[in-house]
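Single-structure report; data block below.
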Amino acid sequence: MYSRYAKRLFTKQAIEKWFERLTKDWENAFSEEEIEAGRLLYRRGEVREVELSEQDAIIHCKFDKKESYAMIDWKNGAFEVRSSSMRKPLGRAIAVAGFYEIEEMVVEEVAPVSDFYRDESDEEESDSILEATDAVPETFEEARVLDLWLQLNQQGLTLNAFWVNDDGSHTPALKAPPEDRLPNSKEREQVIRLAGLARRSEFQFFKNNSVYRLHNLGLVPPFIVDALPGWRQYFDIRMDKDMEERAQAIREVDLEVVAETREGDRASLEWRFSVDGTDLGNDSASALFKRGMTLYFLPEIGIVRLGERQGKIIHEYKEVQSSFGGEEIPRYMLLSLFGKEQLKVSLSKELKRWHRDLQDSARKDKNSLPKFLRDYQRYGVRWFAHLGRVGCHGLLADEMGLGKTVQVATLLKLYGSGRKPNLIVCPASVVPVWHNEFRRWFPRTELETLQSNHHFGDQSEPKIWVASYTQLRRHKHLLNEVQFAHVVLDEAQSIKNPDAKVSQACFAAKAEHRLALTGTPLENKNQDLWSIFRFLMPGLLGGRKAFQEDLERDPSVFLPKLNKQISPFVLRRTKMEVAKELPEKVETNLLCPMTEVQRREYARLTSEGIQELGNDIDSILKEKNLNLLSLLTRLRQVACDPDLLPWGNNTLEDSGKIKTLLDRLSDILSSGHKVVIFSQFVSFLDRIRKIIRQKLPDYSVYELRGSTTNRAKPVTGFQDDPNASIMLVSLKAGGTGITLHAADYVFLMDPWWNPAIEDQAIDRVHRIGQDKTVFVYRLVTQGTIEERIMELKASKRDLFEQVIGSLTEMRDFTSYFQKLSDLILLNSGTDE
598 MYSRYAKRLF
608 TKQAIEKWFE
618 RLTKDWENAF
628 SEEEIEAGRL
638 LYRRGEVREV
648 ELSEQDAIIH
658 CKFDKKESYA
668 MIDWKNGAFE
678 VRSSSMRKPL
688 GRAIAVAGFY
698 EIEEMVVEEV
708 APVSDFYRDE
718 SDEEESDSIL
728 EATDAVPETF
738 EEARVLDLWL
748 QLNQQGLTLN
758 AFWVNDDGSH
768 TPALKAPPED
778 RLPNSKEREQ
788 VIRLAGLARR
798 SEFQFFKNNS
808 VYRLHNLGLV
818 PPFIVDALPG
828 WRQYFDIRMD
838 KDMEERAQAI
848 REVDLEVVAE
858 TREGDRASLE
868 WRFSVDGTDL
878 GNDSASALFK
888 RGMTLYFLPE
898 IGIVRLGERQ
908 GKIIHEYKEV
918 QSSFGGEEIP
928 RYMLLSLFGK
938 EQLKVSLSKE
948 LKRWHRDLQD
958 SARKDKNSLP
968 KFLRDYQRYG
978 VRWFAHLGRV
988 GCHGLLADEM
998 GLGKTVQVAT
1008 LLKLYGSGRK
1018 PNLIVCPASV
1028 VPVWHNEFRR
1038 WFPRTELETL
1048 QSNHHFGDQS
1058 EPKIWVASYT
1068 QLRRHKHLLN
1078 EVQFAHVVLD
1088 EAQSIKNPDA
1098 KVSQACFAAK
1108 AEHRLALTGT
1118 PLENKNQDLW
1128 SIFRFLMPGL
1138 LGGRKAFQED
1148 LERDPSVFLP
1158 KLNKQISPFV
1168 LRRTKMEVAK
1178 ELPEKVETNL
1188 LCPMTEVQRR
1198 EYARLTSEGI
1208 QELGNDIDSI
1218 LKEKNLNLLS
1228 LLTRLRQVAC
1238 DPDLLPWGNN
1248 TLEDSGKIKT
1258 LLDRLSDILS
1268 SGHKVVIFSQ
1278 FVSFLDRIRK
1288 IIRQKLPDYS
1298 VYELRGSTTN
1308 RAKPVTGFQD
1318 DPNASIMLVS
1328 LKAGGTGITL
1338 HAADYVFLMD
1348 PWWNPAIEDQ
1358 AIDRVHRIGQ
1368 DKTVFVYRLV
1378 TQGTIEERIM
1388 ELKASKRDLF
1398 EQVIGSLTEM
1408 RDFTSYFQKL
1418 SDLILLNSGT
1428 DE
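In my numbering, each residue's number is its place in the sequence shown (first place is 1) plus 597.
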C-alpha cells in the first residue's frame, strides 16, 4: 500500500477552470487499457508533481530514475495529450493518472467531500509499468443513481446525498464508502457534478455531518425555481411537495403595533404580525419578535420576510424597552414610531386624545403671567408648561439675548411643584446669572447654590437648587436620594459627550419634568442633539449607534425625519423673528464668578490695603487718596484677570470673566452675529485675543487701540466682513469718532466708572444706521468692588456721575461708603 502524494502547483483560477472541465466525461477520451494503467500509476503514487495552469496540466512521473511527463492541453472544448515518453500508451497512462490527481485536488480544494478516491487496498499490483499496459481490463459496475434529499428549516435548505443500491437500500454518498463498494468513474463524475452545481448555487459543505446547506434563506426561492429543474436531469430529487411549493417565493410580513394606555404617562405595546392578511400564530409572532430577523422560516407558511426597517424598529424597541426596565414605556416613545416605514401604529382612544392634546397649541393656556414678559416669552413659558402636562420635555433654543433665563424662572415660580425641589444645572460662570435673574424678577424666591458641603436632603422645605456641572458630577452619588419637580440644563451643549461623567450625572437626575436650554444653533450639532434628548426623553431618538449610522448613511434623508421627530419639543426664536417685540437696546449685567486664583489674590490685596490705609474713607481721602486709587485699580485688574497685575503670571483659565465671555461668544458667533468687545485695559484685550484664536480659530479678529495708526482699516474690515467676526476695542481708541453698527452684540469687560464714557462706547454700535436690536453685556465680577459700583449705579444713576465720575477729586465719596471695607471687601463666593 502506498501513501506518497504528489506535489501540487496551481492557482485558484486554474483550480476553478479544471473544476468546470472535470464535469465532462474525460474517461471517454481514453481506452480501457489506458484507464487501467493510469489507475495503477495513481494508486501506486507514481505521480510526483502536478502543475496546473488555466490552459494546461503537466503531470510528472519517475520510472527507473528517469523523468517522464505528460501534458494535457485544453483546446476548443476538448482534451489533447502530449508526452515526453516515446511509448504513446505510457504517456496516455500518465495523463489518466494525472486526471485522477486533478480530481482529488478539485475535491479537496473546491468540493470538500470525503477522500474516497484513492484505493489503499492491499491487492497485488504489477511491478512493471509495462506490464500494466498489457493488463486485463477491469470490469466496471453500473453507476448507481444519486438521490438528493432536500429539507427546509430555519437553518436553511439542507441537502443529503445517497447512492441507491441494487437492493433499494441507501448508502451515504458524501461519506467514506465501504471497502467492498468504491465509487466507479461514473459515480465520481456525479459527485463532482454535484459539488459544482451546489457551489454555483452557493451551498456550503459541512464535513462533520457530510451535508450541503444553503444558509441564506433569500437564495432558496431562486434555487427552487431556476436551478432545481436542471438538477433533476442528473439526480433524483426528494422534497416534500407542499414544502417545495412554499419555498418558491418569499412572503412579506405586515407589522402593526397596538398601543394601550397605562398608569401615569406610560403605555404598553402589542406587536402583531400577518402575512397576506392572515395573522400569524402566537408562537410564530413571538419568534419573529424575539429574533427580529429579516428572513424567517415558518413551517405552515414557508419563508417570510420582515422588512429591514421593520427588523430595525423591533431591535431598537427592545433596546429601549430594556432601558425602562419593564414592558411599559413612556408615552412619548410612541412618537418615535409614527411615520416609520412599513409600520402601522394603532392607538387606544385615550392615547389618541393624548396625541391630539400634544399637538394642540400652548396658546390655549390662559393662565396669568407676569406683565414684564414679552409675548414670545409668555409663549415660551406656556409651551414648557404644556409639554409638562402631556408627559413630554422640551429644549428651548432661543438665540442668545432673548431671555431664556427669565422664561424658565417664571416657569419654576408659577408651575413648579410645591412638594419637591427644583434643580438648575449650568456652567459655573452662569451660576451668578441665575441668582441675579431671580433677584431681579422674583426677589422673594430663595435659591441655594450647591457646594461641596451641601446635601440635597438638607432642607426644611423644597427650594430651587443651582449647581454647576462640576458640582453635580461631584454629588452624583446623592441623586438617587431625591426626586425633583424640574431639572433644567442651561448651556445644554455641555453634555454633548454622552460618555462624560458630567453627562452621566445629568442623566441620573430623576425629575417629573426635564428642560434643556441652549443658544447654539442646532443645524450642525446633530451629535449634540442625541445626547441632549438622551437627557430629555431617553429612547426618543433610538440608540446612539443606530442614530450615528443613519446620520452617516444618508443625511439628506435622515435629517428631515429627525427634524420632524423633534420639532414638537424644540422651540427656537431668533432676533429677527421677534424683532418687533424687542427694544432698540437690551442691556444685561453678567455676574462672573471668581476663580480660586482671583479670590486668593483679591483677598490678599484688600487685607493689605486696609492694613496700610486704614478703614476710614474720610481720612484716607484727605491723606492717601493716590494710594487709594492705586489699590482700587489693582482690585479692578484682578477682578478682570489676575495676570493684569504687574507681578501676574497666570493662565487664561484663571480669569472668570474670560470663561464667561467664551461661553457667550460661541453661541453668538455660531449664529452669524458680529461682536464688539470693549476694555480699558489693553493687556486684557491681548489676553482675550489670544484665547479667542485658540478656542474660536474660525472667526476673524479685528483690533482698534490707542496705538493704531490707521483707524479706518480695522473698522472697514470689520464692517465689510460678510461673516461673523470680532472687534476688540480699547476705551481710549473707541470712545468717539467710529461706527461699528455691523455688530449687534457688545461686551463691556470692565465697568466704566463714568456712565457717560460707557454710553459713548455703546453708541459706537447703537447709532444711526443700526437696523438690529443691540444686546449689551456688562461683565461684573461677583462679590467685588465691581458689583458694589454696579449696585450703586442701578440705585442712584442720576447721582453716579456726580459722585463716582469725579473720583479723582473724591467729592462726596463718604456719602455712600463710610468704611473702605464696605467698598472693597470680597463677599463669600461659590465653589465650582
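Here a beta-carbon is modelled for each residue, glycine too, at the ideal position from N, C-alpha and C.
Check your understanding: Hey, quick one: how far does the alpha helix (DSSP H) through Met840 stretch, first residue to last?
Key -> From DSSP, the alpha helix (DSSP H) with Met840 extends over Lys838 to Arg843.
**Study point:** Whether Val854 touches Leu932 by CB criterion (8 Å)
**Key:** no
Check your understanding: If we ignore side chains and look at the alpha-carbon of each, how far apart do Cys989 and Glu1109 end up?
Key -> 9 Å
Check your understanding: From which residue to which residue does the alpha helix (DSSP H) around Pro1311 run?
Key -> Ala1309 to Asp1317
Practice item. Spatial neighbours of Trp746 within its chain, please: CB distance less than 6 Å, with the 5 preceding and 5 following residues excluded, ordered by chain position. Key: Asn757 and Arg835
Exercise for review: Counting only the same chain and skipping the five closest in sequence on each side, list residues whose C-beta sits under 6 Å from that of Lys1256.
Suggested key: Ser1026
Point to revise | Burial state of Ile875 (16 or more Cβ within 10 Å) | key: Per the sequence shown, residue 875 should be read as Thr rather than Ile. Counting Cβ neighbours within 10 Å, Thr875 comes out exposed, since fewer than 16 surround it.
Check your understanding: Is DSSP giving Arg810 helix, strand or coil here?
Key -> Here Arg810 sits in strand by DSSP.
Point to revise | Contact set for Gly1314: own chain, Cβ-Cβ below 7 Å, skip 5 residues either direction | key: Tyr1299
**Study point:** Spatial distance of Phe1397 from Leu1389 (CA atoms)
**Key:** Confidence at Phe1397 is low in this model, with a pLDDT of 43, below 50, so the placement of that residue should be treated as unreliable; the coordinate-derived value is given next. Across the structure, Phe1397 and Leu1389 are spaced so that their CA atoms are roughly 7 Å apart.
Point to revise | Reduced DSSP category for Phe616 - H, G, I as helix; E, B as strand; rest coil | key: helix
**Study point:** Reference Pro780; option with closest CA among Phe759, Gly908, Lys1172 and Leu1228
**Key:** Phe759
Review point. Can you tell me whether DSSP reads Asn1222 as helix, strand or coil?
Key: helix
Check your understanding: So does the segment 783 to 802 actually touch the segment 618 to 638, counting three or more Cβ pairs closer than 8 Å?
Key -> Taking 8 Å as the limit for Cβ pairs, the verdict is that the segment 618 to 638 does touch the segment 783 to 802.
**Study point:** Beta carbon of Phe981 nearer than 8 Å to that of Ala1006
**Key:** no
Review point. Cβ atoms of Leu1112 and Leu1266: under 8 Å apart, would you say?
Key: no
Review point. For Ser1297, which residues does DSSP report across the bridge?
Key: According to DSSP, which records beta bridges pairwise, Ser1297 is partnered with Ser1322.
Check your understanding: If we ignore side chains and look at the alpha-carbon of each, how far apart do Val1084 and Val1063 end up?
Key -> 10 Å
Point to revise | Rounded straight-line distance, which links the Cα of Met1324 to that of Arg1308 | key: Between Arg1308 and Met1324, the C-alpha separation is close to 12 Å.
**Study point:** Proximity below 8 Å, CB of Val1371 to CB of Val1326
**Key:** no
Practice item. Below 7 Å CB to CB, which residues in the same chain sit around Ala626 once its five sequence neighbours on both sides are set aside? Key: Phe676
Check your understanding: Considering only C-alpha positions, which residue in the set Val1028, Arg971 and Val1079 is nearest to Gly1000?
Key -> Arg971
Practice item. Quick one: residues in its chain with C-beta nearer than 6 Å to the C-beta of Ala692, no 5 flanking neighbours on either side, listed in chain order? Key: Ala667, Ile669 and Val678
**Study point:** Range covered by the alpha helix (DSSP H) that runs through Glu1128
**Key:** According to the sequence displayed, residue 1128 carries Ser and not Glu. Taken as a continuous stretch (DSSP letters only), the alpha helix (DSSP H) holding Ser1128 covers Asn1123 to Leu1133.
Check your understanding: Should Ala844 and Pro819 be called a contact, given that it needs their Cβ atoms to be closer than 8 Å?
Key -> no
Check your understanding: Where do the ends of the alpha helix (DSSP H) carrying Asn1033 lie?
Key -> Val1028 to Trp1038
Check your understanding: Excluding the five sequence neighbours on either side, which residues of its own chain have a C-beta within less than 6 Å of the C-beta of Glu1004, listed in chain order?
Key -> Checking the displayed sequence, the identity of residue 1004 turns out to be Gln instead of Glu. Taken in chain order, the residues that qualify are Gln974, Gly977 and Val978.
**Study point:** Separation of Asp764 from Asp744, as counted between CA atoms
**Key:** 14 Å
Check your understanding: For the beta strand (DSSP E) that contains Cys1189, what are its first and last residues?
Key -> Lys1182 to Cys1189
**Study point:** Nearest-angstrom Cβ-Cβ length linking Lys1172 and Gly1015, presumed shorter than 8 Å
**Key:** About 36 Å; that fails the 8 Å criterion.
Exercise for review: Give the single residue among Ala611, Ile1092 and Asn1186 whose Cα lies nearest to the Cα of Glu1383.
Suggested key: Asn1186
**Study point:** Ile1289 to Asp1264 span [Cα, whole Å]
**Key:** 13 Å
Check your understanding: Which whole runs of the beta strand (DSSP E) in the segment 628 to 665 are 3 residues long or more, in chain order?
Key -> 644 to 649 and 653 to 660
Exercise for review: Determine the direct distance from the alpha carbon of Pro1165 to that of Thr858, and round the result to whole angstroms.
Suggested key: 21 Å
Check your understanding: Taking DSSP as the reference, what is the three-state secondary structure of His983?
Key -> helix
Check your understanding: Taking C-alpha atoms, which residue in Trp828, Glu643, Lys804 and Lys772 lies nearest to Ser798?
Key -> Trp828
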